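For reference, the structure is listed below as structure tokens.
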Amino acid sequence: MSNVSMEQLISLCKRRGFIFQGSEIYGGLAGTWDYGPLGSELKRNIQNAWWNMFITGREDMFGVDAAILMNQNVWKASGHVAGFSDPLVECTKCKRRFRADHLENTEVCPECQGSLGEARQFNMMFKTTVGALEDEDATAYLRPETAQGMFVNFKNVVDSLHPKLPFGLGQIGKAFRNEIAPRDFIFRSREFEQMEIEYFVKEEDWQGRFADWMNAMYQWMDLVGIPRPSVHELEVAPDDLAHYSKRTVDFEFDFPFGRKELYGLAYRTNFDLNNHAEASKVPLYIVDDETSEKIVPHCIEPTFGVDRTILAVLASAYHEEGEGDDKRVVLKFRPSIAPYKLCVSPLLRNKPELMEKARVVYSGLKKLFGNVTWDDNGNIGKRYRRQDEIGTPYCITVDFDTLENDTVTVRDRDTATQDRVAIGDLEMFLKEKLQ
Numbered sequence: 227m228s229n230v231s232m233e234q235l236i237s238l239c240k241r242r243g244f245i246f247q248g249s250e251i252y253g254g255l256a257g258t259w260d261y262g263p264l265g266s267e268l269k270r271n272i273q274n275a276w277w278n279m280f281i282t283g284r285e286d287m288f289g290v291d292a293a294i295l296m297n298q299n300v301w302k303a304s305g306h307v308a309g310f311s312d313p314l315v316e317c318t319k320c321k322r323r324f325r326a327d328h329l330e331n332t333e334v335c336p337e338c339q340g341s342l343g344e345a346r347q348f349n350m351m352f353k354t355t356v357g358a359l360e361d362e363d364a365t366a367y368l369r370p371e372t373a374q375g376m377f378v379n380f381k382n383v384v385d386s387l388h389p390k391l392p393f394g395l396g397q398i399g400k401a402f403r404n405e406i407a408p409r410d411f412i413f414r415s416r417e418f419e420q421m422e423i424e425y426f427v428k429e430e431d432w433q434g435r436f437a438d439w440m441n442a443m444y445q446w447m448d449l450v451g452i453p454r455p456s457v458h459e460l461e462v463a464p465d466d467l468a469h470y471s472k473r474t475v476d477f478e479f480d481f482p483f484g485r486k487e488l489y490g491l492a493y494r495t496n497f498d499l500n501n502h503a504e505a506s507k508v509p510l511y512i513v514d515d516e517t518s519e520k521i522v523p524h525c526i527e528p529t530f531g532v533d534r535t536i537l538a539v540l541a542s543a544y545h546e547e548g549e550g551d552d553k554r555v556v557l558k559f560r561p562s563i564a565p566y567k568l569c570v571s572p573l574l575r576n577k578p579e580l581m582e583k584a585r586v587v588y589s590g591l592k593k594l595f596g597n598v599t600w601d602d603n604g605n606i607g608k609r610y611r612r613q614d615e616i617g618t619p620y621c622i623t624v625d626f627d628t629l630e631n632d633t634v635t636v637r638d639r640d641t642a643t644q645d646r647v648a649i650g651d652l653e654m655f656l657k658e659k660l661q
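For any residue, its number in the working numbering is found by taking its place in the sequence shown, counting from 1, and adding 226.
This is how it looks when you write it as structure tokens:
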């Protein structure tokens with residue numbers, strides 16, 4: 227289990243501008259969350275790291291960005307219209323609704339101890355209409371997953387880029403699920419973001435490729451600072467597999483509220499391409515260069531929730547050190563994903579010469595490293611504590627010695643040690659530290 231409680235994490239996220247309740251000034255909207263300035267940076271850094279690792283960093287991957295709204299027949303062919311549902315029960319007394327599979331006792335309300343009604347299936351897709359007329363033909367859905375956008379673009383990619391098997395499509399995008407009971411902060415919400423891959427292979431190669439993707443997913447967790455001892459593989463039992471899957475491995479993480487699913491890796495066979503080909507009457511295949519055979523490839527799907535990644539990273543990075551007045555909270559982010567990589571401060575804000583020199587240092591580092599912040603609020607000790615709490619790896623302080631010898635103090639977030647570095651050597655010094 228993580229060493230931080232959800233209360234501590236949620237408080238920190240709001241206090242330091244990571245994550246806010248959606249529509250908070252109006253009382254909020256359950257299951258929605260807004261990312262503040264630091265949360266937006268953390269989120270973008272994680273997404274960029276994922277894209278660099280799995281799309282631009284590989285020769286066999288192509289990125290796409292499919293529309294959120296799709297033809298309703300996409301969701302009929304994929305099985306979502308008929309079967310994308312959770313069991314719902316309603317309390318006859320307080321009228322609260324719950325997911326039946328999340329209750330220990332499906333007869334008694336956990337809130338008011340009233341009696342619960344019979345379970346019924348509740349489709350989780352958000353339904354809307356496209357255009358001015360509200361008839362059945364105008365029905366559309368907010369996508370509950372990003373995967374189908376890649377399957378329906380399979381032919382476009384094959385015809386335009388002529389890839390060879392194996393190859394994959396990847397995208398980052400919003401998905402929406404009308405959760406009966408959103409809970410656990412950003413872990414389960416109604417609007418969320420996915421980083422998803424559909425990797426197309428020959429049927430006889432799927433097991434080897436599946437193992438390769440398992441290794442790649444662990445390498446990803448290493449990259450963003452999710453410790454392996456906190457991650458557990460769960461082989462999904464045959465009776466619990468999704469209708470499209472022949473094998474699924476869930477990667478569960480020790481969140482503050484318990485061990486829950488973080489990522490998933492599924493072998494979807496050629497279920498999706500076959501279904502869309504049959505429903506659309508458009509053949510979906512690729513021609514094998516060696517045999518000239520028309521192949522409907524099988525698919526391996528690694529899926530990563532952006533929000534769950536952020537929650538796992540926050541829980542993993544959170545540390546409390548020291549006691550009493552010396553106690554500090556530190557978010558030990560990997561430098562590559564930290565919201566700010568550096569903070570520049572003048573020792574005193576009421577000394578114009580220090581302010582001017584610090585601004586010169588700040589401007590130079592900002593051009594080099596991008597995510598650099600400025601802090602001249604309060605004494606230097608409070609600034610260090612504040613930057614520790616938001617996860618800034620290094621603080622650079624311009625003091626009176628700087629005016630004499632053109633050196634600055636560089637403080638390490640994790641160890642609190644300080645080095646004296648010449649301004650001319652800062653770029654090389656920091657590049658080595660921030661790798």
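In this text, a Cβ means the ideal position worked out from N, Cα and C, and glycines have one as well.
Owing to the predicted nature of the structure, the values given are computational and were not obtained by experimental measurement.
Three-state secondary structure assigned by DSSP to residue i
| i | result |
| --- | --- |
| K553 | coil |
| N349 | strand |
| D431 | helix |
| A275 | helix |
| I412 | coil |
| S562 | coil |
| Q374 | helix |
| A358 | coil |
| G451 | coil |
| I606 | helix |
| Y367 | strand |
| M330 | Inspection of the sequence shows that residue 330 is occupied by Glu rather than by Met. Three-state DSSP puts E330 in coil, outside helix and strand. |
| F483 | coil |
| Y470 | coil |
| G590 | helix |
| L656 | helix |
| P392 | coil |
| Q420 | strand |
| A492 | strand |
| E692 | Any question about residue 692 goes unanswered here, given that the chain covers just 227 to 661. |
| S237 | helix |
| V230 | coil |
| E344 | coil |
Exposure of residue i, with buried meaning 16 or more beta-carbon neighbours within 10 Å
| i | result |
| --- | --- |
| D291 | exposed |
| A564 | buried |
| D363 | exposed |
| A303 | buried |
| F402 | buried |
| H306 | buried |
| A308 | exposed |
| P509 | exposed |
| I251 | exposed |
| M665 | No answer is possible for residue 665: it lies beyond the span of the chain, which begins at 227 and ends at 661. |
Assumed close pair residue i, residue j - CB separation to whole angstroms, cut-off 8 Å
| i | j | result |
| --- | --- | --- |
| L568 | V539 | In fact, because the Cβ distance is near 19 Å, the residues do not count as touching under 8 Å. |
| S506 | F479 | With a Cβ gap of about 38 Å, S506 and F479 do not count as contacting. |
| D614 | V555 | 7 Å |
| I606 | L573 | 6 Å |
| A256 | R325 | The Cβ separation is near 14 Å, so there is no contact. |
| M471 | Y493 | Per the sequence presented here, residue 471 reads as Ser, with Met not at that position. With a Cβ gap of about 6 Å, S471 and Y493 count as contacting. |
| E424 | F377 | 7 Å |
Review point. Is it a yes or a no for the region 367 to 375 touching the region 394 to 406, going by three-plus beta-carbon pairs under 8 Å?
Key: yes
Exercise for review: Within the region 276 to 306, note down every full beta strand (DSSP E) run reaching 3 residues or more, in order along the chain.
Suggested key: 287 to 289
**Study point:** Sequence ranges, alpha helix (DSSP H) only - wholly within the region 495 to 553, length at least 4
**Key:** 497 to 506 and 532 to 543
Review point. Is there contact here, the region 422 to 439 with the region 525 to 544, by at least three beta-carbon pairs under 8 Å?
Key: yes
Check your understanding: In chain order, which beta strand (DSSP E) runs of at least 3 residues are fully inside the region 618 to 648?
Key -> 620 to 624, 633 to 638 and 644 to 648
Check your understanding: Three or more C-beta pairs closer than 8 Å, one from the region 532 to 546 and one from the region 321 to 338: is that the case here?
Key -> no
Check your understanding: Are there three or more Cβ pairs, one per stretch, closer than 8 Å when the region 262 to 280 is compared with the region 296 to 314?
Key -> no
Exercise for review: Evaluate the contact criterion for the region 529 to 538 versus the region 407 to 419: three or more CB pairs, one atom per stretch, below 8 Å.
Suggested key: yes
Review point. Does the region 385 to 392 come close enough to the region 340 to 359 that 3 or more CB-CB pairs lie under 8 Å?
Key: no
Review point. Any chance the region 437 to 446 sits against the region 461 to 470, with 3 or more Cβ pairs inside 8 Å?
Key: no
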